[in-house]
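Numbering (the numbering used here), first residue to last: 992 to 1098.
Glycine residues also receive a C-beta, built at the ideal position from the N, C-alpha and C atoms.
Right under this line is the structure:
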């Protein structure tokens, strides 16, 4: 609900700014993302969770395409990619205690 209010406020601010800020290009994908997650959550929490895992995977892939990567980093990058489904699986089986400590302690 808070996300909906924030997005609506940003949309109104973009409407009243009359093109002074480049917000229109950023708001459309945010509305699409919010709508997809809300629709998936309406059907199934599990579906919304795995959709968010896919978005996390895409965000990590985009981030890693922007940074300099050395050959020595490939094992850490592999661990990063493999940790995404592992973390979302921990959420799915409701093992929140291990989920909270898994990244800072083990990964």
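Counting only runs that start and end inside the region 1012-1081, there is no beta strand (DSSP E) element of at least 3 residues. In the structure shown, residue 1084 falls within a coil segment according to DSSP collapsed to helix, strand and coil. In the DSSP assignment, residue 997 falls within the alpha helix (DSSP H) that extends over 993-1008. Excluding five sequence positions before and after residue 1040, the CB atoms of its chain that fall closer than 7 Å to its own CB belong to 1079, 1082 and 1083, given in chain order. Note that the C-beta distance between residue 1044 and residue 1076 is below 8 Å.
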